[in-house]
Amino acid sequence: MPYTSILFYVLALIIVVSAIIVVFNKNVIHSAFSLFFTLFAVSGIYVLLKADFIAITQIMVYVGGILILLIFGVMLTTKITDVELKTKNLNVIPSILFSVGIITILIFVVFSTKWNLKQAVENEETVTQIGTLLLSTYLLPFEIASVLLLVALIGSAMFARRIKND
Amino acid sequence: MEIGLNHYLVLGAVLFGLGLFAMISRRNAILVLMGIELILNAANINLVAFSRYCGLGVNGQVVSIFVIILAVAEAAVALGIVLNLYNNFASVDIDEANTMKD
Numbered sequence: 000m001p002y003t004s005i006l007f008y009v010l011a012l013i014i015v016v017s018a019i020i021v022v023f024n025k026n027v028i029h030s031a032f033s034l035f036f037t038l039f040a041v042s043g044i045y046v047l048l049k050a051d052f053i054a055i056t057q058i059m060v061y062v063g064g065i066l067i068l069l070i071f072g073v074m075l076t077t078k079i080t081d082v083e084l085k086t087k088n089l090n091v092i093p094s095i096l097f098s099v100g101i102i103t104i105l106i107f108v109v110f111s112t113k114w115n116l117k118q119a120v121e122n123e124e125t126v127t128q129i130g131t132l133l134l135s136t137y138l139l140p141f142e143i144a145s146v147l148l149l150v151a152l153i154g155s156a157m158f159a160r161r162i163k164n165d
Numbered sequence: 000m001e002i003g004l005n006h007y008l009v010l011g012a013v014l015f016g017l018g019l020f021a022m023i024s025r026r027n028a029i030l031v032l033m034g035i036e037l038i039l040n041a042a043n044i045n046l047v048a049f050s051r052y053c054g055l056g057v058n059g060q061v062v063s064i065f066v067i068i069l070a071v072a073e074a075a076v077a078l079g080i081v082l083n084l085y086n087n088f089a090s091v092d093i094d095e096a097n098t099m100k101d
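Residue numbers (numbering that gives the first Met the number 0), protein chains in the order written: chain V, 0 to 165; chain A, 0 to 101.
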């Protein structure tokens with residue numbers, strides 16, 4: 000078995016197990032820290048797929064940004080010293096059945112579809128190609144994304160501000 | 000056994016299902032957000048895998064960059080909403096937020 004296969008299975012195991020911990024753990028902080036391992040292992044999957052720029056972006060944006068935001072959210076909205084940190088689930092059995100059904104359908108579709116496989120081009124670096132595509136083919140979505148980020152910045156700053164009553 | 004496209008797609012499907020379960024079943028608003036992040040990650044894995052195995056060059060990777068940008072914007076705005084929810088209802092349980100004005 001080649002090393003990349005072993006690496007894939009190890010990373011997939013980390014992703015699935017820590018995602019299960021995220022979903023089923025009663026403690027919100029434990030879920031947040033478990034999400035850390037999921038995001039890191041997904042970044043490793045990107046490296047296996049030879050997408051180095053996406054892997055670094057994943058670490059910088061998800062682990063360095065979104066996860067910190069989520070942990071801030073947990074700490075600002077729950078009393079850490081209290082048992083309030085524990086949360087309850089609702090409709091566990093129906094939602095497990097629904098999710099397993101969706102997963103089964105998706106896996107069935109994956110294996111029954113004839114994908115248009117092509118021999119992958121062994122490109123040495125992706126950063127140059129991504130930069131060229133972003134400023135040529137995908138220029139309009141790129142600019143729209145920058146405007147969207149500005150709108151999200153202003154909007155979330157307005158939302159999070161504590162509004163004084165009268 | 001050589002790792003192919005199907006392995007990555009199955010991994011993405013499992014991650015999607017787990018995120019879906021978090022969105023349906025958990026009552027804490029922040030855990031619902033974590034479920035959304037899991038689903039977006041599953042979509043990203045699929046995009047990059049298709050980009051690698053279907054001869055698309057780096058087009059799929061560029062699209063996954065846009066997905067990451069949307070995830071950042073969504074997380075920031077949604078956490079602002081969750082903080083407002085906590086200010087108004089003293090809880091982040093989304094079942095308790097069932098009135099439009101208190």
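In this text, a Cβ means the ideal position worked out from N, Cα and C, and glycines have one as well.
- Taking a contact as a CB-CB distance under 8 angstroms, the pair Gly72 of chain V and Ile35 of chain A does not count as one, their CB atoms being some 13 angstroms apart.
- The beta carbon of Met33 of chain A sits closer than 8 angstroms to some beta carbon of chain V.
- When DSSP states are grouped into helix, strand and coil, Arg25 of chain A belongs to the strand group.
- Counted as a single uninterrupted DSSP element, the alpha helix (DSSP H) harbouring Gln60 of chain A occupies residues Asn58 to Phe88.
- Residues of chain A whose Cβ lies closer than 9 angstroms to the Cβ of Tyr2 of chain V do not exist; the shortest such Cβ separation is about 11 angstroms.
- Taking the C-beta atoms as reference points, Ile102 of chain V is found nearer than 8 angstroms to Ala12 of chain A.
- By the neighbour-count definition (other C-beta atoms within 10 Å, threshold 16), Asn87 of chain A is an exposed residue.
- In this structure, the beta-carbon distance from Lys113 of chain V to Arg51 of chain A does not fall below 8 angstroms.
- Three or more Cβ pairs drawn from the stretch 52-71 of chain A and the stretch 130-148 of chain V lie within less than 8 angstroms of each other, which places the two stretches in contact.
- Inclusion of Ala48 of chain A and Leu8 of chain A in the CB contact set at 8 angstroms is warranted, their separation being smaller than that value.
- For chain A, the residues of the stretch 14-40 of chain V that bring a beta carbon within less than 8 angstroms of one of its beta carbons are Ile14, Val15, Ala18, Ile19, Val21, Val22, Val27, Ser30, Ala31, Leu34, Thr37 and Leu38, in chain order.
- Checking the DSSP bridge columns, you'll see Asp92 of chain A partnered with A:Asn27.
- A Cβ-Cβ distance of about 17 angstroms is found for the pair Leu78 of chain A and Val21 of chain V, leaving them out of contact under the 8 angstroms criterion.
- Boundaries of the alpha helix (DSSP H) around Glu142 of chain V: Leu138 to Ala159.
- Annotation for Ile70 of chain V: the continuous alpha helix (DSSP H) segment containing it runs Leu66 to Thr76.
- The shortest C-alpha to C-alpha distance from Asn90 of chain V to any of A:Ser24, A:Ala41, A:Asn45 and A:Cys53 is the one to A:Ser24.
- Judged by DSSP in its simplified three-state form, Ala48 of chain A adopts helix.
- Burial check for Asn45 of chain A: the Cβ neighbour count within 10 Å reaches 16 or more, so the residue is buried.
- In this structure, the CA atom of Met74 of chain V is about 17 angstroms from the CA atom of Ile93 of chain A.
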